[in-house]
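Worksheet: the structure to be examined is printed underneath.
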RNA sequence: CGGGGAGUAGUUCAGAUGGCUAGAACGCUGCGUUUGGGACGCAGAGGCCGCAGGUUCAAGUCCUGUCUCCCCGACCA
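Residue numbers (my numbering): 2 to 577.
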């Protein structure tokens, strides 16, 4: 490709709106252009990177026995109704209508579609396991797009769906996909951690995210010091130590407590430690139930864990008005003690206790009235929980279940794998095959996604310097950035080299612009970030050849005409 | 959805208390001189000041509405 013909220009100036490295560099180097918030043009340079990422994914998926296909992007809405996903919030479906009034969902993920195509065929256990996948544009009505390609509303995703006879067979597939993902990201120069995560609206029992460590990432997760456990903060488990469980229970007391409404106000007034205070948070869920989360004061409510325990789809904080009028309590002074006895009879209330309450005796907290606190509150004796379990966030330094300390990390989620089990085959009719015994059985499923654009951005986040991007050769838009400086001799030598490289399968971006200074060409080359730079100039020719420099190295060398191809191939072949 | 900020040339930005023909840099076009780390000179093109209404002799500037973009939060009583 001749640089002078390349669509998409580098820019010296960049909007200060772009704060993230990948966002800035991809814009500045001419890989992407913004359309509207969260929707981007992928320019020719970016397209080549995207294609290469997809090629690697395709190779590895095929190697794992998966088969590429494609589904329509518009999904018949009936399918989403079949699985009840039209109104499960947290994922606002984008819908369109055709002129006859038929409704479609703009696909944000495609479980229903793949089950639907699968059940069209009369499948036998002999056809299983089967893993089918596609690359397609996905639509997500994100509340807030951010960070260039990192969080967008429209993006290309690889999504795969596996169908198995049973759990045992599925587990092999899941393991295979985990290994495949690790290899895919390795080939792009990304080291990923497989992190236990929450499955959100997808369904199923467990899933893992593939996370690239980065300060700007949105995923916070914990790993143990010994590396044996890694889990997203939403699901991370941890061990709790007893605090004063041997203490005698003292009589419950209600006292005056003129204070503010925060936990710190309680600590200050009573002069007692935070972990002896009870934290009470009132929620309302999608079913209209009020849910009181009760936990030790030094812990925070983990709404994902809480919603799993209560079976709620959404949780929102109850309004202060509801707390006063319906629950007969007072914001800042909520207590589980006696609440059910006093509240409005129309209210359905679920008291959910965190297991941390079993580690303390004689706790203190509110008393359901302004400026009244309770002392010596004890679970079971003074209040009963409808549900009890782990509803708290882990924190760095806490011990894991295995006893090893938890370390907090941040990262970019570039892919994930989900166990779906019978979730979709239960909800969708005829998602069945004929087993060896002649009986119909439901598919045991899994699904597996990789965001292409986000992966591209993650690579740039990890691999760049103050001058620009530093692509790993496996996904670089070109292998070689050829720069010509100076006389006609250099131009004709460059031309010959350009053609020679191309004939040998090397991808070359040739900066043959005549009216651009050397400095500008070097700056552009550094910004674009192609791994090999070759300069052909009067100076290099005087020294007997071409200047060869790798983007991630500070030293250049002169390579003569006979050796240049071999030198280039040496680097290119490293990636394959 | 809440809070904050911003929309002026292709891009990044400047245009105080309303006032003459709306500016700079970069980029772009032409000519010439340059060519190893974002060169220089000369000449040029380029603007419905986001959109709609209003106040005023006069609006990029003030008021109202609206759209768009960016950042923070989505959180514990």
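Note that beta-carbon positions come from the ideal geometry of N, C-alpha and C, so glycine has one too.
- Excluding the 5 residues flanking it on each side, residue 559 has same chain C-beta neighbours closer than 8 angstroms at 541, 544, 545, 546, 547, 548 and 549, in chain order.
- Rounded to whole angstroms, the Cβ separation of residue 352 and residue 337 is 5 angstroms, and the two are in contact under 8 angstroms.
- Annotation: the continuous alpha helix (DSSP H) that includes residue 51 extends over 45-64.
- In the three-state DSSP reduction, residue 523 falls in the helix class (H, G or I).
- For residue 497, there is no enclosing beta strand (DSSP E); the residue is part of the alpha helix (DSSP H) that begins and ends at 489-504.
- With fewer than 16 other beta carbons inside 10 angstroms of its own, residue 250 counts as exposed.
- Looking at the DSSP output, residue 86 shares a beta bridge with no other residue.
- Around the beta carbon of residue 263, fewer than 16 other beta carbons lie within 10 angstroms, which makes this residue exposed.
- C-alpha of residue 308 to C-alpha of residue 171: approximately 27 angstroms in a straight line.
- Cβ neighbours of residue 528 within its own chain (closer than 6 angstroms, five residues either side excluded): 11, 30 and 469.
- Burial state of residue 320 is exposed, judged by a 10 Å Cβ sphere holding fewer than 16 other Cβ atoms.
- Just so you know, the alpha carbons of residue 431 and residue 126 end up roughly 15 angstroms apart.
- Assigned with DSSP and collapsed to three states, residue 126 falls in helix.
- In the structure shown, residue 140 falls within a strand segment according to DSSP collapsed to helix, strand and coil.
- Non-local beta-carbon contacts of residue 35 in its own chain, meaning distances under 7 angstroms to residues more than five positions away in sequence, involve 41 in chain order.
- With a threshold of 16 other beta carbon atoms within 10 Å, residue 51 meets it and is buried.
- Each of 208, 73 and 213 was checked against the Cα of residue 418, and the nearest Cα belongs to 208.
- Judged by DSSP secondary structure, residue 326 falls within the alpha helix (DSSP H) whose first and last residues are 321-326.
- Counting along the chain, residue 254 sits inside the beta strand (DSSP E) bounded by residues 254-257.
- Residue 70 and residue 507 have their alpha carbons spaced roughly 30 angstroms apart.
- The residues 238 and 240, in chain order, have a CB closer than 6 angstroms to that of residue 402 in the same chain once the five nearest residues on each side in sequence are set aside.
- Counting along the chain, residue 463 sits inside the alpha helix (DSSP H) bounded by residues 453-463.
- Inter-residue distance for residue 526 and residue 45 is about 16 angstroms (C-alpha atoms, whole angstroms).
- Take residue 199, set aside five residues on each side of it, and the residues of its chain with a beta-carbon closer than 7 angstroms to its own are 233, 235, 236 and 305, in chain order.
- Close CB contacts of residue 487 within its chain, under the 7 angstroms cut and outside five residues either way in sequence, are with 538 and 539 (chain order).
- The Cβ neighbour count for residue 3, taken over all protein chains shown within 10 Å, is under 16; the residue is labelled exposed.
- When rounded, the separation of the alpha-carbon atoms in residue 365 and residue 391 is 20 angstroms.
- Put simply, the backbone Cα of residue 329 is about 33 angstroms away from that of residue 201.
- Residue 482 sits in a strand when the DSSP states are folded into three classes.
- Annotation: residue 273 is outside any beta strand (DSSP E) and is labelled neither H nor E by DSSP.
- Positions of the beta strand (DSSP E) runs, each at least 3 residues long and wholly inside the region 373-399, are given as 373-378 and 388-390 in order along the chain.
- In the DSSP assignment, residue 475 falls outside any alpha helix (DSSP H) and carries neither an H nor an E.
- Counting only residues of its own chain and dropping the five nearest sequence neighbours on each side, residue 345 has a CB closer than 6 angstroms to the CB of 327.
- A residue is called buried when at least 16 other Cβ atoms come within 10 angstroms of its Cβ; residue 325 does not meet this threshold and is exposed.
- Using a 10 angstroms sphere on the CB of residue 145, the tally of other CB atoms stays under 16, which defines it as exposed.
- Less than 9 angstroms divides the Cβ of residue 205 from the Cβ of residue 420.
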